[in-house]
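Chains D and R, in that order, give the protein sequences.
With the first letter of the first sequence counted as 1, position 68 gets the number 68 in our numbering; the numbers rise by one all the way through.
With the first letter of the second sequence counted as 1, position 59 gets the number 59 in our numbering; the numbers rise by one all the way through.
Here a beta-carbon is modelled for each residue, glycine too, at the ideal position from N, C-alpha and C.
This one's a predicted model, so the numbers in the text were calculated from it and none came from an experiment.
Here the structure is laid out as structure tokens; the discussion comes afterwards.
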Amino acid sequence: GESVGLHLPTLSVQEGDNSIINCAYSNSASDYFIWYKQESGKGPQFIIDIRSNMDKRQGQRVTVLLNKTVKHLSLQIAATQPGDSAVYFCAENIGYKLSFGAGTTVTVRA
Amino acid sequence: NAGVTQTPKFQVLKTGQSMTLQCAQDMNHEYMSWYRQDPGMGLRLIHYSVGAGITDQGEVPNGYNVSRSTTEDFPLRLLSAAPSQTSVYFCASSSGALTGELFFGEGSRLTVL
Numbered sequence: 001g002e003s004v005g006l007h008l009p010t011l012s013v014q015e016g017d018n019s020i021i022n023c024a025y026s027n028s029a030s031d032y033f034i035w036y037k038q039e040s041g042k043g044p045q046f047i048i049d050i051r052s053n054m055d056k057r058q059g060q061r062v063t064v065l066l067n068k069t070v071k072h073l074s075l076q077i078a079a080t081q082p083g084d085s086a087v088y089f090c091a092e093n094i095g096y097k098l099s100f101g102a103g104t105t106v107t108v109r110a
Numbered sequence: 001n002a003g004v005t006q007t008p009k010f011q012v013l014k015t016g017q018s019m020t021l022q023c024a025q026d027m028n029h030e031y032m033s034w035y036r037q038d039p040g041m042g043l044r045l046i047h048y049s050v051g052a053g054i055t056d057q058g059e060v061p062n063g064y065n066v067s068r069s070t071t072e073d074f075p076l077r078l079l080s081a082a083p084s085q086t087s088v089y090f091c092a093s094s095s096g097a098l099t100g101e102l103f104f105g106e107g108s109r110l111t112v113l
């Protein structure tokens, strides 16, 4: 079964607003998480990762937060743009295997 | 630098037919893997390889075979296709088995009638 899961299957965001995509995991021993973006008709693309020795990591317009106490992580996208419309997956690295959640579809409204 | 290349992009098979999905990467990556993606679900790992000559099963390996004779290539074989194998298949590679930064191909859409 799925070890990581997203809270909402869809998210509609006004252009320019911030987006927050949430993900929960079940294994308290999990120590490495990754976010991917998949545009329509394409393969997933790496966005950012975080290890359990960190609570927060920032990239270009994206921030990932990890709360180990409640086994929750989130991806924040600042100033959402039309090009951010995609399906977003959280994934958990377990040894040599990457386990993906079901995905959240983000739609950006003009 | 082409990255990860999958062929074919589309394929229709009849139940019981066999075929091979090809995957090649030109990044000298040691780790390669195959995923399938079904509507409303995330990607599920079929098989993976941590280096030439080494393969192992993922979450959903039944009905699929793989081999890794070279660093560059990682073909996925369906020996006797079933309608349940209708899916989009993605090949991915990374520089190491313990990094989560996978590079994915564009996908191969397979329909089994």
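| Item | Value |
| --- | --- |
| Identify each residue in the segment 70-99 of chain D for which the Cβ-Cβ distance to at least one residue of chain R is less than 7 Å, and report them in chain order. | Phe89, Ala91, Asn93, Tyr96, Lys97 and Leu98 |
| Taking the runs of the beta strand (DSSP E) that are 3 residues or longer, which of them lie wholly in the segment 24-102 of chain R? | 31-37, 43-51, 54-57, 64-66, 76-78 and 87-94 |
| Using only the alpha-carbon positions, how far apart do His72(D) and Gln17(R) sit? | 44 Å |
| What distance in whole Å lies between the Cβ atoms of Val13(D) and Val87(D), which are believed to be in contact at a cut-off of 8 Å? | Actually they do not touch by this definition, with Cβ atoms about 14 Å apart. |
| Who pairs with Thr111(R) in a beta bridge, going by DSSP? | Val12(R) |
| Can you give, in chain order, each stretch of the alpha helix (DSSP H) that sits fully within the segment 20-77 of chain D and has at least 4 residues? | none |
| Determine which residues of the segment 31-47 of chain R have a Cβ less than 7 Å from any Cβ of chain D, and write them out in chain order. | Gly40, Met41, Gly42, Leu43 and Leu45 |
| Give me the Cα-Cα distance between Gln60(D) and Gln81(D), rounded to the nearest whole angstrom. | 13 Å |
| Should Arg36(R) go down as buried or exposed, given a rule of 16 or more other Cβ atoms within 10 Å for buried? | buried |
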